[in-house]
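First comes the structure, then the notes that go with it.
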Amino acid sequence: MPEGHTTHALAGRLNRAFAGSPVAVSSPQGRFDDGAALLDGLTLTEASAWGKHLFVEFEGERWLNVHLGLIGRFSVRRHHLGLQPDARPAGMPESQVPPRTQVLLGSQIPVEGQVRLRLLNDAWVGDLRGPTVCAVLTPDKVDQIRARLGPDPLRPDADPGLALHRISGSARPIGELLMDQGVLAGVGNVYRCEVLFRHRVDPFRPGREIRPVTWQAIWDDLVTLMPLGVAFGQILTMDDQVADAMQALAEVTDGSAAAHTEAGTGARLGDRFERRFYLYKRTGEPCRVCGARVRTRLVAGRNLFWCGRCQRRR
DNA sequence: ACAGTATGGAGAT
DNA sequence: TCTCCCTACTGTG
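Going by the working numbering, the first sequence opens with residue 67, and the numbers climb by one from there.
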């Protein structure tokens, strides 16, 4: 389910599992052998996300860039092999065991399916499958990619004015502009349909006809909604679920409930919510607000869902 | 077992 | 606007 919330959650999991430790990098599938060799054994500095792009910095100014595309997955889980005493020379501290040794130990971790990239340290294993992008980049190239991306509502440094500038100067429909990663980074098909509905905006309305105050409301809404997606591992847009999620998140932040800080599976707060949207994939069903049938149209190769009555031009 | 679909995006046309 | 890439899950037989 890769929209921006997925990438940001992934960056967090990678940091909790690997940041600050040397990482054995391999390509069990073989299609990333060259890139893996460039990173193997380097210390992972920090993972971060910008929209749907994941950037993982390693020592020596080497960057791993991953884009999950439509079907990519990146699992991060604990393994229980540990480092066996006889796997390193006598007297060598565990922290100095060469990553290659870890690779040998790691080879005991079964590989299921096509794993393009495997990250491994003494406690964690991360397996990447089916990405559209998996590459090692120089800092220059990383800057280039970032320069092409619009502001990301999940980044504190984001400037919604940049997106407004591109929207207000465009004749393209807002439903299309929201999906353009150069206008706004991180929003995909679900968030675009749902957020336009939440503000009753006609998806076919040209960008230049969107009032700045309307754009600001949409942006503010995304700044509220998308962190919930990160925290709960699913896209939440329905008012009742959003309210519940915000409350649950506030309780965790206040410390009045046990915080789940493990990077592993199972401890996630996610999957607690029923999968339910205002419009997404509800073609022909009644609008939850007005009862009109939810409509759909292929826009630039993707299914756009909208309510022709609630989102009529005003 | 197999077909269909999917929350993306690049490149060709 | 079309074609292609790539994996996981769903529904059908």
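Using N, Cα and C, we set each Cβ at its ideal position, and we do this for glycine too.
Just so you know, these numbers come straight off a predicted model, no measurement behind them.
Quiz item: Three or more C-beta pairs closer than 8 Å, one from the stretch 223-233 and one from the stretch 338-352: is that the case here?
Solution: Judged by Cβ distances under 8 Å, the stretch 223-233 makes no contact with the stretch 338-352, as fewer than three pairs qualify.
Self-check item: Reference Val132, options Gly78, Pro197, Ser92 and Val308, closest by Cα
Solution: Taking the first sequence and counting its residues from 1, the one referred to as residue 132 is at position 66. Among Gly78, Pro197, Ser92 and Val308, the Cα nearest to that of Val132 belongs to Pro197.
Quiz item: Of all the beta strand (DSSP E) runs that stay within the bounds of the stretch 118-151, which reach a length of 3 or more residues?
Solution: Runs of the beta strand (DSSP E) lying entirely within the stretch 118-151 and spanning at least 3 residues, in chain order: 119-124, 128-133 and 139-144.
Quiz item: Taking just the CA atoms, how far does Asn187 sit from Ser161?
Solution: Translated into the one-based positions of the first sequence, residue 161 becomes position 95. Translated into the one-based positions of the first sequence, residue 187 becomes position 121. Here the C-alpha atom of Ser161 lies approximately 10 Å from the C-alpha atom of Asn187.
Quiz item: First and last residue of the alpha helix (DSSP H) that includes Leu186?
Solution: Within the first sequence, numbered from 1, the residue matching residue 186 stands at position 120. First-last for Leu186: Leu183 to Leu186, but that is the beta strand (DSSP E), not the alpha helix (DSSP H).
Quiz item: Helix, strand or coil for Asp106 per DSSP?
Solution: The residue you call residue 106 lines up with position 40 of the first sequence. Three-state DSSP puts Asp106 in coil, outside helix and strand.
Quiz item: Where Thr349 and Ala189 are concerned, what is the direct C-alpha to C-alpha distance, given to the nearest angstrom?
Solution: In the first sequence, residue 349 corresponds to position 283, counting from 1. In the first sequence, residue 189 corresponds to position 123, counting from 1. Distance between the alpha carbons of Thr349 and Ala189 is about 45 Å.
Self-check item: Limits of the unbroken alpha helix (DSSP H) element including Ser234
Solution: As a first step, residue 234 is located in the first sequence; it is residue number 168 there, counting from the start. Where Ser234 is concerned, the enclosing alpha helix (DSSP H) stretches over Pro226 to Ser234.
Quiz prompt | At least 3 beta-carbon pairs within less than 8 Å: the stretch 249-256 vs the stretch 114-124 | solution = Three or more beta-carbon pairs separated by less than 8 Å link the stretch 249-256 to the stretch 114-124, which places the two stretches in contact.
Quiz item: How many angstroms separate the CA atom of Tyr257 from the CA atom of Ile301?
Solution: The residue you call residue 257 lines up with position 191 of the first sequence. The residue you call residue 301 lines up with position 235 of the first sequence. Between Tyr257 and Ile301, the alpha-carbon positions lie close to 8 Å from each other.
Exercise. Report the three-state DSSP secondary structure of Thr111 (helix, strand or coil).
Key: Along the first sequence, one-based indexing puts residue 111 at 45. Strand.
Self-check item: Within 8 Å, strictly: CB atoms of Val261 and Ile240
Solution: For the purposes of this step, residue 261 is identified with residue 195 of the first sequence, where counting begins at 1. For the purposes of this step, residue 240 is identified with residue 174 of the first sequence, where counting begins at 1. Going by beta carbons, Val261 and Ile240 fall outside the 8 Å limit.
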